[in-house]
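Working notes for the structure below.
There are 2 protein chains.
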Amino acid sequence: MARAATTSDAFNAVAEPRRREILIYLALRERPVGDIVATLRLEQSSVSKHLRVLRDVGLVEVRRDGRQKLYRTNAEAIRPLHEWTGKFERFWQHQLSRIKERAEGKPKEEA
Amino acid sequence: MARAATTSDAFNAVAEPRRREILIYLALRERPVGDIVATLRLEQSSVSKHLRVLRDVGLVEVRRDGRQKLYRTNAEAIRPLHEWTGKFERFWQHQLSRIKERAEGKPKEEA
DNA sequence: TTGACATATTCCTATATAGGAATGTAATAT
DNA sequence: ATATTACATTCCTATATAGGAATATGTCAA
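In order, the protein sequence lines correspond to chains Y and H.
Read in order, the letters of the first sequence are residues 1028 to 1138 in our numbering.
Read in order, the letters of the second sequence are residues 1028 to 1138 in our numbering.
As structure tokens, this is what we get:
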């Protein structure tokens, strides 16, 4: 079997860095596609394809406004990811101390 | 270009559902590979390969114990994902009301 | 050593990208 | 009608899986 489709869920959709940038950009307010292209310096076709993926999993919403289409992040769709990652929150403190021990015990790796 | 490697970062690594299950399973305490195989009902080779990916991005740590290898989730590596998704937290309330409006204004789609 | 146990890697294949180029489609203005 | 603007989709290709089977590696026991 190959990898699951990028459209299979929000986890797969946000794995792509450009899509994460787009989501951040569209979080504050809706924007036309052209603005995304200009601001993020991506090919128009790329942006459209990324938006298609994001739309398929409900991460963005669209509405038409004349010739333009205005996209906007649907924050609600990101919530499940925040909740899943939040399950590990209570382990962070303890983990930190272990990391520190290592950092102090072992010599640093050089680049 | 193809999709980025699963080992390119934590976002790509956790996109795979089985890897998320493994992370949850290894969060509480370290476990040998065999336990993961038995509990999650996966092929041994699959588990080893998933663990390899998780290890490459720092999501799990290993130590040998005799013949076994004990794996454990490194919660700290999940933190960046929690923080990224957290950027959208303040939009959740407002978004909810918009969703509600839609649900009430439009007739429901049938399956 | 030889064997058994535990885990890792390799070999194989079908599938799904992401990006760039080219083309298709929808909306508006003249 | 036609041109223009704004997006979306299709065509193309290199690449990276995930899973199952088989094999390799590593550790301990007798």
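Ideal placement from N, C-alpha and C gives every residue a C-beta, glycine not left out.
Annotation: the continuous alpha helix (DSSP H) that includes Y:D1083 extends over 1071 to 1083. Its chain contains T1034 as the residues whose beta carbon lies nearer than 6 Å to that of Y:D1083, once the 5 sequence neighbours on both sides are disregarded; these appear in chain order.
Between the segment 1082 to 1098 of chain Y and the segment 1084 to 1091 of chain H there are fewer than three inter-stretch CB-CB distances shorter than 8 Å, so the stretches are not counted as touching. Contact annotation, Y:R1045 with Y:L1069: C-beta distance approximately 6 Å; criterion of less than 8 Å satisfied. Boundaries for H:T1034: no alpha helix (DSSP H) harbours it, and the DSSP string shows neither H nor E there. In the DSSP assignment, Y:P1059 is bridged to Y:L1097.
Against chain H, the beta carbon of Y:G1085 has no neighbour under 8 Å; the closest one sits roughly 10 Å away. Think of a sphere of 9 Å around the beta carbon of Y:I1049: no beta carbon from chain H falls inside it, the nearest being about 13 Å out. No Cβ of chain Y is located within less than 8 Å of the beta carbon of H:G1061.
Annotated three-state conformation of Y:R1068 is coil, per DSSP.
Y:K1076 is outside the set of residues whose beta carbon lies under 8 Å from a beta carbon in chain H. Shortest Cα-Cα distance from Y:I1105 to any of H:E1103, H:V1080, H:H1109 involves H:H1109.
H:E1043 has its alpha-carbon roughly 17 Å from the corresponding atom of H:N1101. Y:V1074 is a Cβ neighbour of Y:V1060, given a cutoff of 8 Å. Between H:I1051 and the set H:Y1098, H:S1072, H:F1115, the nearest pair of CA atoms involves H:Y1098. Within its own chain, the residues whose Cβ lies closer than 8 Å to the Cβ of Y:D1036, once the five positions on either side in sequence are excluded, are V1084, listed in chain order. Residue pairing by DSSP places H:E1048 opposite no residue, since no beta bridge is assigned to it.
In the three-state reduction of the DSSP assignment, H:E1043 falls in the coil class, being assigned neither a helical nor a strand state. Cβ contact annotation for H:L1067 (same chain, cutoff 8 Å, sequence separation greater than five): R1045, E1048, I1049, Y1052, V1074, in chain order.
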